[in-house]
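In my numbering, the protein residues as written are 1338 to 1762.
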C-alpha cells in the first residue's frame, strides 16, 4: 500500500501542489518569496556543503521560525557536547529562513527544496546527514523516503497532533500511517500526543513522550533578556506595565477600548502594544484609535519619551525581551486563528490573558485550569480582568507564580531528546 501512496503522491499530489504554489505566488508575497528564495538552491548548497569538514552531519528541518525556536536548545546542547559536528538547518517558509539565516550555531542554513522525488533524492545525497530531525509536524514525504532509501535514521522532535487535525480523515490517516512508519523515533510533547501517534498503528516506530523543548528555550531566552535594556528606566519608573504581544486587528478591537477605559482609572499604567505584523499601515491604524484621547509614541522614538501612556512597537524580534517589563500580558491570536506563544510571557512569572480561540495551545488550556491564564471574550471581560489584576497585587503575584511553576516543572526535554539522539552521533 505504501508503494501506491508513493505513486499517488508523486504523480497527482506533487504536480497539483506545484501549480498551487505558482498560482498563489501571484497573490501572496510570502509564497513568491519562497519560490524565488529556492532559485539556484542546489548550486548554493553545494558551495556551502563544500566548506564543511568531515565530521558527522545532523539535519534539522523546521517549517518556520516558531518551530526553529524549539530546535535551538537541542542544537546548542549538541554543539556543547560534541565539539566536532556539523549542523544543517532547513526551512520551508521564507519568514523562518529570513529571520534565522544568520544563526551562528548552524553550519549550513537553506530552504528545503520543493518536495519532488528528484529534488529530495538530490538534497539528501548532497547533505548526507548521519541523522535527520524534523521539528514539530512539518514532514515532507519524498525527503523522508529519500532518507529511508539511504538507511539514514529520522526522528520527530516536539511531535504533536491535534484531535481536530485533517490527518484523522480516513484516507489522509492511512497515508500518514505509512509516512510516520518511516521514522525511527517520534518524540512527543505529551502523553496525550503519544497516544494519538500510537493510534496511527505504528508498529516498528519508537513513540515516547519526553516533553516540550519550548520550555527550555523560553527559560534560556528569559535569562538572556535580563542582559538587554530595551526600555530606558525613566520610561518604566513608577509604572504598572501591560504588554500586548502578537496582536491582530481582531485583538486590538477588544483591547484598545479596554485600555482606554483602564487609563482613566490607572494613571500610572504604561501599555506596550506589539502588533504581530508591525507594518506601517498597522501602526498607523493603532495610532488613529488613540489619536486625540491618549498620547502615544513609537518604540523607535523612545529616546524622545515625554510621558506617553502608549508605546507602539514598530520593530520585530524583540517581543520575548519586552515581556520582562510586564506586570500583566495579553497574547494575541485568540480572536483570529489561534493564540500565539503563551510561554514567552509566563516565564517571567506574570499572568496572561488571551481570546477564546486558545485550544490550539495545550499550555494556554493548562494555564486556565491552573489559574494563571485568563480567557476574555469581549471588551468588558477584557477590561474587568485587567482591572482586577492591575489593582490586586496579591492576585497578580499568585497567578504569576503559578505560571512560573508550570514553566520550571516542564524544563528538561532537551536533555531527554539528546539521550535519544546520542546513538546516532
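Every residue gets a Cβ at the ideal spot worked out from N, C-alpha and C, and that includes glycine.
Contact belief for residue i with residue j at Cβ below 8 Å, rounded distance in angstroms
i, j, result
"residue 1582", "residue 1660", "7 Å"
"residue 1468", "residue 1483", "14 Å between Cβ atoms; not a contact."
"residue 1471", "residue 1491", "7 Å"
"residue 1494", "residue 1407", "7 Å"
"residue 1587", "residue 1517", "About 35 Å separates the two Cβ atoms, so there is no contact after all."
"residue 1655", "residue 1567", "6 Å"
"residue 1726", "residue 1732", "6 Å"
"residue 1304", "residue 1748", "Nothing about residue 1304 can be reported from this structure: the residues present for the chain run from 1338 to 1762 only."
"residue 1665", "residue 1579", "5 Å"
"residue 1473", "residue 1404", "5 Å"
"residue 1569", "residue 1639", "7 Å"
"residue 1448", "residue 1378", "6 Å"
Of the listed residues the options, nearest to residue i (C-alpha basis)
i, options, result
"residue 1345", "1678, 1540, 1478", "1478"
"residue 1627", "1452, 1639, 1643, 1590", "1590"
"residue 1787", "1552, 1506, 1618, 1497", "Outside the displayed span of the chain (1338 to 1762) sits residue 1787, for which this structure offers no information."
"residue 1594", "1620, 1717, 1449, 1755", "1717"
"residue 1600", "1728, 1452, 1535", "1728"
"residue 1602", "1577, 1623, 1616", "1577"
"residue 1381", "1464, 1536, 1592", "1464"
"residue 1488", "1475, 1724, 1521, 1473", "1521"
"residue 1454", "1352, 1404, 1501, 1526", "1352"
"residue 1565", "1722, 1657, 1653, 1365", "1657"
"residue 1696", "1502, 1614, 1343", "1502"
"residue 1475", "1355, 1427, 1415", "1427"
"residue 1676", "1714, 1561, 1450, 1616", "1714"
"residue 1339", "1515, 1641, 1361", "1515"
"residue 1618", "1720, 1535, 1651, 1383", "1651"
"residue 1437", "1762, 1575, 1399", "1399"
"residue 1451", "1524, 1429, 1653, 1575", "1429"
"residue 1653", "1719, 1760, 1584", "1584"
"residue 1681", "1560, 1376, 1348", "1560"
"residue 1761", "1401, 1394, 1342, 1416", "1394"
"residue 1459", "1523, 1383, 1342", "1383"
"residue 1735", "1683, 1750, 1721, 1693", "1683"
"residue 1721", "1598, 1528, 1416", "1598"
Those residues which DSSP pairs with residue i across a bridge
i, result
"residue 1394", "1423"
"residue 1448", "1428"
"residue 1332", "The shown model of the chain, from 1338 to 1762, leaves out residue 1332, and the question about it has no answer."
"residue 1543", "1522"
"residue 1633", "1647"
"residue 1668", "1582, 1691"
"residue 1710", "1689"
"residue 1492", "1470, 1522"
"residue 1400", "Residue 1400 is not bridged to any residue."
Residues of its chain near residue i, where Cβ-Cβ distance is below 7 Å and the 5 sequence neighbours each way are ignored
i, result
"residue 1421", "1392"
"residue 1679", "1668, 1689, 1691, 1698, 1700, 1701, 1704, 1710"
"residue 1686", "1737, 1738, 1740, 1741"
"residue 1431", "1367, 1370, 1371, 1374"
"residue 1596", "1608"
"residue 1777", "The requested residue 1777 does not occur in the structure, where the chain is confined to residues 1338 to 1762."
"residue 1562", "1657, 1658, 1661"
"residue 1759", "none"
"residue 1637", "1651, 1652"
"residue 1466", "1394, 1395, 1396, 1425, 1489"
Close Cβ partners of residue i (< 8 Å) along its chain, the five nearest in sequence each way excluded
i, result
"residue 1573", "1607, 1662"
"residue 1389", "1423, 1444, 1445"
"residue 1519", "1481, 1482, 1484, 1485, 1491"
"residue 1504", "1498, 1510, 1513"
"residue 1575", "1605"
"residue 1642", "1569, 1571, 1572, 1634"
"residue 1620", "1612, 1635, 1649, 1651"
Contact set for residue i: own chain, Cβ-Cβ below 6 Å, skip 5 residues either direction
i, result
"residue 1445", "1385, 1425"
"residue 1357", "none"
"residue 1604", "none"
"residue 1397", "1408, 1426, 1470"
"residue 1719", "1591, 1595, 1713"
Could you check whether the stretch 1437-1449 touches the stretch 1505-1514, counting it as contact only if at least three pairs of C-beta atoms, one from each stretch, sit closer than 8 Å? Because the criterion of three Cβ pairs below 8 Å is not met, the stretch 1437-1449 and the stretch 1505-1514 do not touch.
Can you find at least 3 beta carbon pairs, one from the stretch 1590-1610 and one from the stretch 1647-1655, that sit closer than 8 Å? Contact between the stretch 1590-1610 and the stretch 1647-1655 is present: 3 or more CB-CB pairs across the two stretches fall below 8 Å.
Pair every Cβ in the stretch 1618-1635 with every Cβ in the stretch 1542-1551, then say whether three or more of these pairs are closer than 8 Å. The stretch 1618-1635 vs the stretch 1542-1551: no contact.
May I ask you to verify whether the stretch 1553-1569 touches the stretch 1526-1542, counting CB pairs closer than 8 Å and requiring at least 3? The stretch 1553-1569 is not in contact with the stretch 1526-1542.
Contact the stretch 1749-1761 vs the stretch 1393-1413: 3+ CB pairs below 8 Å: The stretch 1749-1761 vs the stretch 1393-1413: in contact.
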